[in-house]
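Okay, structure first, notes after.
In full-length UniProt numbering, the protein residues as written are 1 to 239.
Below you can see the structure in the form of structure tokens.
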């Protein structure tokens, strides 16, 4: 059994994947003689809990492995690599776990377990067209009509459906997606000017203003904090 505070305990009777997208206090109660076998992994979303996928997931997910189609070969490789000490072990584990997570997310969408957020939008037969368009071309100017056309819907129906399913307006979602891409680039040490061009902002100053409005920090300060380094004095473009 798995206990989450005062909630009813979760009983697990078969091999399962238990996923916590965000920190959550939990406690395992097992049979002292025939306890379960645990294989633990840590997954980090770029941007933390504000990442669109992390934000769309519930506090915890439990999926019987038998319900995830075609995952047996990947699981066998994952378990074998976890217990071995081969060259390239960590790289192999990272890639295998990414494949497993893609299957898990697909299964959650197929089961209709995503009530709102990015995954619910991607599971929607029409909204996914607009979301994929924004993901593929974040640098493009996306007026509401263009997104509605990508979804094959009228402007009004699209705007209402997007807000109801994804949980925010298309404009807010696009800004969050762009800032998430910028955060990834900052972690990699890429120039702010290049990032501004890639995500559709007119220059460093415009991106810095949008970034500060979204995160409460300048891009430079955010990067230093993310890397655990002291923040330098702000430049004129970041004020």
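We put the beta carbon where it would ideally sit given N, CA and C, even for glycine. It should be emphasised that the depicted structure is a prediction, and the values quoted were computed from it without experimental measurement.
Nearest residue (CA-CA) to residue 80, options 118, 99 and 39: Among 118, 99 and 39, the Cα nearest to that of residue 80 is on 39.
Does the distance from the C-beta atom of residue 26 to that of residue 42 stay below 7 angstroms? no
Residue of 153, 111, 139 and 113 minimising C-alpha distance to residue 130: 153
Neighbourhood of residue 187 by C-beta distance below 8 angstroms, restricted to the same chain and skipping five residues each side: 46, 223, 226 and 227
Rounded C-alpha distance that separates residue 2 from residue 145: 47 angstroms
Taking the Cβ atom as the reference point for each residue, do residue 139 and residue 185 lie within a distance shorter than 7 angstroms? no
Locate the beta strand (DSSP E) running through residue 65, then write down its first and last residues. Residue 65 -> no beta strand (DSSP E), and no H or E assigned at all.
Do residue 56 and residue 117 have their CB atoms nearer than 7 angstroms? yes
Please state whether DSSP places residue 27 in a helix, a strand or coil. Of the three classes helix, strand and coil, the one that applies to residue 27 here is strand, per DSSP.
Flag residue 178 as yes if its beta-carbon sits less than 7 angstroms from any beta-carbon of chain C, otherwise no. In summary, chain C is missing from the structure at hand, where a single protein chain is found.
Please report the distance separating the alpha-carbon of residue 86 from that of residue 58. 35 angstroms
When you compare only the Cα positions, how much space is there between residue 15 and residue 123? 26 angstroms
Among the residues of its own chain, which have a CB less than 7 angstroms from the CB of residue 82, if the five just before and after it don't count? 39 and 93
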